[in-house]
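**Student:** Count along the sequence shown starting at 1, add 123, and that's the number in this note's numbering.
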Amino acid sequence: MIYYYFGSKEGLYLAVLEKKYEEIRAFESSLQLSDMDPEAAMRALIGATFDYEESHPEFVRLVAVENIHNARHLAQSKTIANLNVTIVETIQSLLERGRAAGRFRADVQALDLHLLITSFCFFRVSNRATLETAFGQKLGMPKTRARHKQMLCDAVIRYLEGGGPATA
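1) Relative to the C-alpha of L283, which candidate in Q232, S178 and P180 has its C-alpha closest?
2) Pull up the CB-CB distance for N162 and I240, whole angstroms please, since I reckon it's below 8 Å.
3) Where does L137 fall in DSSP's three states?
4) For N297, which of helix, strand or coil comes out of DSSP?
5) Can you grab the Cα-Cα spacing for the pair Q260 / R268, in whole Å?
6) Using a 10 Å radius around the Cβ and a threshold of 16 neighbouring Cβ atoms, would you call A164 buried or exposed?
7) Leaving aside the five residues before and after E177 along the sequence, list all residues of the same chain whose C-beta is less than 6 Å from its C-beta, in chain order.
8) Using the beta-carbon count (16 or more within 10 Å), is G263 buried or exposed?
9) Please specify which runs of the alpha helix (DSSP H), each continuous and at least 4 residues long, are wholly inside the stretch 210–258, giving them in chain order.
10) Kindly indicate which three-state DSSP category G285 falls into: helix, strand or coil?
11) Starting from G170, trace the alpha helix (DSSP H) both ways and give me its first and last residue.
12) Mapping DSSP to helix, strand and coil, what is Q199?
13) Judging by CA-CA distance, which residue of C244, T202, F227 and L217 is the nearest neighbour of A187?
14) By the three-class DSSP mapping on this structure, what secondary structure does N190 have?
15) Quick one: Cα of K143 to Cα of R226, how far?
16) Between the Cα of L218 and the Cα atoms of T202, N207, L236 and K201, which residue gives the shortest distance?
17) Give a yes or no on whether the C-beta atoms belonging to F182 and I147 are separated by under 9 Å.
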């Protein structure tokens with residue numbers, strides 16, 4: 124059946140990878156961020172990203188495995204690059220709205236902000252076992268999750284509201 128529908132095991136893997144990227148991008152698109160003020164919308168996006176990755180460890184694992192293989196399968200996809208444009212466009216729109224309101228600094232790039240947000244969310248899930256073992260704290264506990272989510276939201280907003288890059 125795999126060969127009939129997907130051509131190979133690698134074809135099946137690519138189909139799963141594409142489906143998981145479709146799911147996260149559809150989730151992000153459903154957030155109705157344009158109805159919120161820029162800071163509230165940014166906090167909603169950050170919180171939703173945090174919650175999504177927390178509740179979808181299979182997505183995090185797939186991406187981690189794909190990174191181990193230097194994005195070999197991802198590079199073959201005809202859809203993932205186009206799917207991923209949507210999150211950068213969403214963040215760009217929020218940045219522009221925040222700048223127009225005089226709330227967000229002008230030198231932040233959308234892709235950089237996406238990396239900042241997802242790196243914390245992803246790392247908490249991908250490295251949970253080693254972090255919990257090394258530091259003796261359960262990252263999945265409700266109070267810890269809430270604290271980390273709030274910390275990330277606050278850190279990103281403070282970064283966006285800052286006066287610009289530090290000088291050396």
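Glycine included, C-beta positions come from ideal geometry on N, C-alpha and C.
Because the structure is a prediction, the values reported are computed rather than measured.
**Tutor:** The short version:
1) Q232
2) Checking the displayed sequence, the identity of residue 162 turns out to be Glu instead of Asn. Not confirmed; about 14 Å, so no contact.
3) helix
4) Residue 297 is absent from the model: the chain starts at 124 and stops at 291.
5) 11 Å
6) So A164 counts as buried.
7) none
8) Counting the other Cβ atoms within 10 Å of the Cβ of G263 gives fewer than 16, which makes it exposed.
9) 233–249 and 251–258
10) coil
11) P161 to S178
12) Q199 falls in the helix class under three-state DSSP.
13) C244
14) N190 sits in a helix when the DSSP states are folded into three classes.
15) 34 Å
16) L236
17) Cβ distance < 9 Å, so F182 and I147 count as in contact.
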